[in-house]
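**Q** Handing you a structure now.
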Amino acid sequence: MADPFIGEIRAFAFTYAPYGWATCDGQIMNVQQNTALFSIISNTYGGDGRTTFGLPNLSGRAPMGFGTGPALTPQTLGQSLGEASVSLATNNFPPHTHGFNAVSNTTATLATAADSYVAKAPSSGKPPVTTNSFQPSASAGTQLAADAVLLAGTAPGTMPHKNMQPYLPVLLCIALSGIYPARP
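The working numbering numbers the first residue of the sequence shown as 137 and each following residue consecutively.
Below you can see the structure in the form of structure tokens.
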């Protein structure tokens, strides 16, 4: 493996940090034992900045470039953003409407087919059967009473849903030793 830059982060397909590397799990490091790395990242990721400093915590997180750009939200180095799961609220949805078909209390007389079950009169000794027990659809533009429409299910659910892109867990480590990166 080529010598890394101190502070470089790499992905590994095994379960341990190689010699000269530390896992990016937010652990707190001693400044006196890691002066080169501290001089590069300072206490950007935690620690008191005098005797301790923190490593980036990439457990369950995706790295993202920091800074600003056209039509982008400014991102600060070391700031943790985003949520692994969220509960939606009503204000998360844009205003929208739904059309629906309705039937008014209109009655209609329709011709009944002789062999229609719902229209066939019962034979003697059988319980009565309602005949013509159906209504046609109302024509477009039927006026409904103001209290005839009820909105249901407008409250958000209480169960959060996962809010993560597809991912493949690997071990992310930061180089504790190697080539000191020169500033431009």
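Ideal Cβ placement from N, Cα and C applies to all residues, glycine included.
I believe serine 221 touches asparagine 299 by the beta-carbon criterion, under 8 Å. Please report the beta-carbon distance rounded to the nearest angstrom.
**A** Going by Cβ atoms, the distance from serine 221 to asparagine 299 rounds to 6 Å, so yes, they are a contact pair.
**Q** Pull up the distance between the alpha-carbon of proline 302 and that of proline 199, whole angstroms please.
**A** Going by the C-alpha atoms only, they are around 14 Å apart.
**Q** With 16 other CB atoms within 10 Å as the buried threshold, where does phenylalanine 150 fall?
**A** Phenylalanine 150 comes out exposed.
**Q** Could you give the C-beta distance for alanine 311 and proline 140, rounded to a whole number, given that I count them as a contact under 8 Å?
**A** Sure, about 4 Å apart at Cβ, within 8 Å.
**Q** When the Cα atoms are used, what is the spatial distance from serine 223 to glycine 205?
**A** Going by the C-alpha atoms only, they are around 30 Å apart.
**Q** Does the Cβ of glycine 235 have 16 or more other Cβ atoms within 10 Å, making it buried, or fewer, making it exposed?
**A** Classification for glycine 235: exposed.
**Q** Would you say phenylalanine 189 and serine 178 are within 8 Å of each other, going by their C-beta atoms?
**A** Contact flag set, yes.
**Q** To the nearest angstrom, how far is the alpha carbon of tyrosine 155 from that of asparagine 193?
**A** Computed Cα separation, rounded: 19 Å.
**Q** Please state whether the Cβ-Cβ distance between tyrosine 181 and leucine 173 is less than 8 Å.
**A** Their beta carbons are not under 8 Å apart, which means tyrosine 181 does not touch leucine 173 by this criterion.
**Q** For the beta strand (DSSP E) that threonine 188 lies in, which residues bound it at each end?
**A** Run containing threonine 188: 188 to 190, per the beta strand (DSSP E) assignment.
**Q** Going by DSSP, what residues sit across from asparagine 166 in a beta bridge?
**A** Note: asparagine 166 sits in a beta bridge opposite Thr188.
**Q** If you measure between the beta carbons of isoleucine 142 and glycine 314, is that distance less than 8 Å?
**A** Going by C-beta atoms, isoleucine 142 is nearer than 8 Å to glycine 314.
**Q** From what residue to what residue does the alpha helix (DSSP H) around alanine 172 run?
**A** Counting along the chain, the alpha helix (DSSP H) containing alanine 172 begins and ends at 171 to 177.
**Q** Which value, in whole angstroms, describes the spacing of the CA atoms of glycine 183 and threonine 233?
**A** If I take the Cα positions, the gap works out to 51 Å.
**Q** Pull up the distance between the alpha-carbon of leucine 213 and that of alanine 138, whole angstroms please.
**A** Approximately 26 Å, taken between the alpha carbons.
**Q** Specify, as a first and last residue, the run of the beta strand (DSSP E) that arginine 197 falls within.
**A** Careful: arginine 197 lies outside any beta strand (DSSP E) and carries neither H nor E.
**Q** Determine whether the Cβ of alanine 198 lies closer than 8 Å to any Cβ atom of chain B.
**A** Considering every chain present, this structure includes no chain B. It has just one protein chain.
**Q** So, helix, strand or coil for threonine 159, using DSSP?
**A** Here threonine 159 sits in strand by DSSP.
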